[in-house]
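Chemist:
Residue numbers (full-length UniProt numbering): 1 to 408.
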C-alpha cells in the first residue's frame, strides 16, 4: 500500500533529523543535496505530521493588544468546534460572532489562521476544526457528506445564542448554503467548469475508489479505515499551485539570509500551516464527487439529507453574500454566485455579489487582498445585515429558532 510505504519513508526522514542537525552544526547543509529538486511526492513526504496550533494569544485593536481566549465548545469524533473570544466589554463584545465553516478538502483548519486573526479584529469567531480521519477509530463509524451537514446543524444550533454570521470557504459552501457569506465554492459546477470540475466528470466513482482510496496503517488510531489520504491531496495542490509553495519558501529563505529571523519564523509558521494536511473518509470523498460534481444535486434542487430535502428557497430572512475571485481556478466564474438563484426568497436589500478581479482562490481568504479588500467589504455587509434586522424589529436568533431555520 502506498500509504504504508510513505509512512515508513516519513519515519525514516524523522529518524534522520538528529543526524541532519549534527551535520548542519558541523558545516554541512540542513538537508541532503538535491532535496529542493525532488518532485511533489517528496514534498508530500515532508508534510508536517500534525497540524500546528492556532496559537492566537492576542490581536491588536486600536493600537492596543487584546487577549484572545480559545476553547472547544462542542466536539464530535470527526470535528471540534473552537471558539476564539476577545476579552472585550461593551458594544464591541456584543457584536454577533462569525461561524467559520472551514473546508474539509485536504488542509487542516489552521491553514485559515490568518483568516481567523483578521476577523477577530471586529468579532469573535467559531471555527470548525475537522479531524484527520487517520486518527478516528473505525468504531466511531462512517462519515459522509450528509454527516458533515448534520454536524454543522448541531454546531450552529448550539452557537446561535450569540447571534451568528456564517461564513463558508471553498468546499464548505455546499453543506453550508444557509451561510450568510460564501467564498469561492462550487455551489453549481455547471457554470464555467474548471480543470477540477472536468477531471471529476471524466472519471466515475469506481475509478476514484480504485485510484485514490487507501487504508490507514498502524499505529494510527484509525488503522483499517479506508480514506482519501491527505498526502495525495497535498501533492495535487502543489502541482496545481506550485507558485504558492515556491513563494512561501522564497520568502522564508530571503528572510533567513537577510537576518530577519522574526519574518523567517512567520514564514515557517505559514509553511507548516499550508503543509498540515488530513485524510478524508472514503464515504465523504466519494459523496463529494457524486453530489457536487457528478449529479449536481444541490444546484438542481434534488439533494436530500435522510428524508429532508435541502431547500435554500425557504431562506427568507437570511442575508446572503457571495464572493468570487476573477482568477479562481478551483471554483469557476458564477459557481458561488449561483447561490442567489437557489436562495430566491432572500430580500434584495440583504443580498450582495462581490467579484474581486485579479484574485485567485487563496487570495479570497489569505494574504493582503483578503485583509485589505475582502474582509472590510464582508464586515460592512454583516453590519448592514444587522442594521436591517434591527430595523425590522427582529431579535437575535436563539438556538431554538436557529435550529428551525436550517434550510432543509
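For glycine and all other residues, C-beta sits at the position ideal for the given N, C-alpha and C.
Bear in mind that the values here come from a model prediction, so they are computed numbers and not experimental data.
Which residues share a DSSP beta bridge with residue 238?
Modeler: Beta-bridge pairing links residue 238 to no other residue.
Chemist: Rounded to whole angstroms, what is the Cα-Cα separation between residue 386 and residue 272?
Modeler: Approximately 37 Å, taken between the alpha carbons.
Chemist: Can you give, in chain order, each stretch of the beta strand (DSSP E) that sits fully within the segment 127–210 and has at least 3 residues?
Modeler: Runs of the beta strand (DSSP E) inside the segment 127–210: 164–169, 181–183.
Chemist: Hey, how far is the Cα of residue 293 from the Cα of residue 201?
Modeler: Those two C-alpha atoms are separated by around 7 Å.
Chemist: Between 230, 95, 288, 330, which has its C-alpha nearest residue 51's C-alpha?
Modeler: Comparing Cα positions, the closest option is 230.
Chemist: Roughly how many angstroms separate the alpha carbons of residue 300 and residue 159, rounded to a whole number?
Modeler: In a straight line, the C-alpha of residue 300 is about 30 Å away from that of residue 159.
Chemist: With DSSP collapsed to three states, give me the class of residue 215.
Modeler: Strand.
Chemist: Mind checking who residue 76 pairs with in its DSSP beta bridge?
Modeler: Note: residue 76 sits in a beta bridge opposite 79.
Chemist: Rounded to whole angstroms, how far is the Cβ of residue 146 from the Cβ of residue 374, which I believe are closer than 8 Å?
Modeler: Going by Cβ atoms, the distance from residue 146 to residue 374 rounds to 31 Å, so no, they are not a contact pair.
Chemist: Following the continuous beta strand (DSSP E) through residue 364, name the residue where it begins and the one where it ends.
Modeler: It is not in any beta strand (DSSP E) - residue 364 carries neither H nor E in the DSSP assignment.
Chemist: Could you name the residues of the same chain whose beta carbon sits closer than 8 Å to that of residue 135, not counting the 5 residues immediately before and after it, in chain order?
Modeler: Correct list, in chain order: 220, 221, 222.
Chemist: Would you say residue 101 and residue 128 are within 8 Å of each other, going by their C-beta atoms?
Modeler: Cβ atoms of residue 101 and residue 128: closer than 8 Å.
Chemist: Just to confirm my understanding: we take residue 7, look at its own chain, exclude 5 residues before and 5 after, and list those with CB closer than 8 Å. What are they?
Modeler: Cβ neighbours of residue 7 beyond the five flanking positions: 217.
Chemist: Spatial neighbours of residue 371 within its chain, please: CB distance less than 7 Å, with the 5 preceding and 5 following residues excluded, ordered by chain position.
Modeler: So the list reads 118, once near-sequence residues are dropped.
Chemist: Got a sec, what are the start and stop residues for the alpha helix (DSSP H) residue 275 sits in?
Modeler: Its alpha helix (DSSP H) spans residues 261–275.
Chemist: If you reduce the DSSP assignment to three classes, tell me which class residue 221 lands in.
Modeler: The answer is coil: DSSP assigns residue 221 none of H, G, I, E or B.
Chemist: Taking the beta carbon of residue 167 as the centre, do at least 16 other beta carbons fall within 10 Å, making it buried, or is it exposed?
Modeler: By the neighbour-count rule (16 or more Cβ atoms within 10 Å), residue 167 is buried.
Chemist: How many angstroms separate the CA atom of residue 165 from the CA atom of residue 70?
Modeler: Their Cα atoms are separated by approximately 19 Å.
Chemist: Between residue 4 and residue 394, what straight-line distance do the alpha-carbon atoms span, to the nearest angstrom?
Modeler: Spanning the two alpha carbons is a distance of roughly 56 Å.
Chemist: In this structure, does DSSP put residue 54 in helix, strand or coil?
Modeler: Note: residue 54 maps to coil in three-state DSSP.
Chemist: Quick check on the burial criterion: 16 or more other C-beta atoms within 10 angstroms. Buried or exposed for residue 392?
Modeler: By the neighbour-count rule (16 or more Cβ atoms within 10 Å), residue 392 is not buried but exposed.
Chemist: For residue 196, tell me which candidate among 236, 317, 211, 60 has the shortest Cα-Cα distance.
Modeler: Residue 236 is the option with its Cα nearest to residue 196.
Chemist: With DSSP as the reference, identify every bridge partner of residue 298, one or two as the case may be.
Modeler: Looking at the DSSP assignment, residue 298 forms no beta bridge with any residue, so it has no partner.
Chemist: Per DSSP, which residues does residue 325 bridge with? Please list them.
Modeler: Answer by DSSP bridge pairing, in chain order: 356.
Chemist: May I ask you to report which of helix, strand or coil DSSP gives residue 67?
Modeler: Residue 67 falls in the strand class under three-state DSSP.
Chemist: By how many angstroms is the C-alpha of residue 175 removed from the C-alpha of residue 169?
Modeler: In a straight line, the C-alpha of residue 169 is about 11 Å away from that of residue 175.
Chemist: For residue 417, which residues in the same chain have their Cβ closer than 8 Å to its Cβ, ignoring the five residues on either side in sequence?
Modeler: Residue numbering for the chain in the displayed model covers 1 to 408; residue 417 lies beyond these limits and cannot be assessed.
Chemist: Who are the Cβ neighbours of residue 269 in its own chain at under 6 Å, not counting the five residues just before and after it?
Modeler: Cβ within range, chain order: n/a, list empty.
Chemist: Taking just the CA atoms, how far does residue 277 sit from residue 179?
Modeler: Note that residue 179 scores 37 on pLDDT, short of 50, meaning its location in the model is unreliable; the coordinates nonetheless yield the value given after this. Answer to the nearest angstrom: the Cα atoms are 25 Å apart.
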